[in-house]
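Below is one structure; the comments refer to it alone.
Residue numbers (the numbering used here): 7 to 106.
This is the structure in structure tokens:
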């Protein structure tokens with residue numbers, strides 16, 4: 007049976023941004039981190055990776071699973087938003103992050 011798509015519109019008229027339309031289901035991607043960032047022609051490219059354990063070699067290797075490509079202006083906004091989220095995290099997480 008095909009998954010039913012649900013359309014959700016989020017209106018943001020106060021700041022003149024375009025309307026946001028979410029069409030569900032939205033694919034989620036789990037990553038363990040990022041490895042490698044480059045910038046060319048106004049686009050920031052970030053390689054996203056998963057850590058995979060190979061029981062035959064008993065080693066962990068990083069597999070690039072996606073590359074995020076985003077215009078510089080959007081990248082800056084994205085990083086600023088992530089910084090605000092980081093500041094709102096509980097203090098214990100900040101302490102652990104500084105130790106690593």
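Glycine included, each C-beta is placed from N, C-alpha and C at the ideal position.
Three-pair Cβ contact test at 8 Å for the stretch 80 to 87 versus the stretch 56 to 71:
no
When DSSP builds the beta bridges, which residues end up paired with residue 56?
Numbered from its first residue, the chain shown carries residue 56 at position 50. Bridge partners of residue 56: 69.
Practice prompt. Taking 7 Å as the cut-off, decide whether the C-beta atoms of residue 74 and residue 52 are in contact.
Written response: Start at 1 with the first residue of the chain shown, and residue 74 comes out as number 68. Start at 1 with the first residue of the chain shown, and residue 52 comes out as number 46. Yes, Cβ-Cβ distance for residue 74 and residue 52 is below 7 Å.
Checklist line | residue 40 in three-state terms, based on DSSP | finding: Position 34 of the chain shown, counted from the first residue, corresponds to residue 40. Correct three-state label for residue 40: strand.
query = Would DSSP call residue 74 helix, strand or coil?
reply = Position 68 of the chain shown, counted from the first residue, corresponds to residue 74. Three-state result, residue 74: strand.
Beta strand (DSSP E) segment containing residue 28, residue limits: Reading the chain shown from its first residue, position 22 is the one you call residue 28. It spans 26 to 30 - the beta strand (DSSP E) in which residue 28 sits, taken as one unbroken run.
* By Cβ distance, which residues of its chain are closer than 7 Å to residue 48, with the 5 residues on each side in sequence left out? -> On the chain shown, position 42 is the one that residue 48 refers to. Answer for residue 48: 77, 78, listed in chain order.
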